[in-house]
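J.:
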Amino acid sequence: MQSGSRKRRTDLDEEELCQTDVSGKVRKEFQSAEFGDKRLTDRLMQVGDRLGRAPAESIPNACEDWASAKATYRFCDNERV
Numbered sequence: 054m055q056s057g058s059r060k061r062r063t064d065l066d067e068e069e070l071c072q073t074d075v076s077g078k079v080r081k082e083f084q085s086a087e088f089g090d091k092r093l094t095d096r097l098m099q100v101g102d103r104l105g106r107a108p109a110e111s112i113p114n115a116c117e118d119w120a121s122a123k124a125t126y127r128f129c130d131n132e133r134v
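To get the numbering used here, take the position in the sequence shown, counting from 1, and add 53.
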């Protein structure tokens, strides 16, 4: 095994991995992000929560409604992000 590579968990099948809620891990990872604009940092946390709850889903399926999906796409398209 090469240095830095990770072993894949074999105790979870692919369906279980797709349904795993990782929003807490995402929040912990993103909490130190600094964009110089609190609104962008808040949006990052919202996007991370949504996508972390349904990591295998598309953005429209992971978001509760079209407005949330559109906000996620706008966030990803923002040049400051």
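C-beta atoms are modelled at their ideal positions from N, C-alpha and C, and glycine is treated no differently.
Could you check the C-alpha separation between R96 and G77 for me, to the nearest Å?
T.: 15 Å
J.: Tell me, to the nearest whole angstrom, how far the beta carbon of C116 is from that of R103; I am working on the premise that it is less than 8 Å.
T.: 5 Å
J.: Going along the chain, which residues of its own chain have a beta-carbon closer than 8 Å to the beta-carbon of F88, five neighbours each way excluded?
T.: T94, L97, R133 and V134
J.: Check this for me: beta carbons of A122 and P108, under 8 Å apart or not?
T.: no
J.: What three-state label does DSSP hand A107 in the structure shown?
T.: coil
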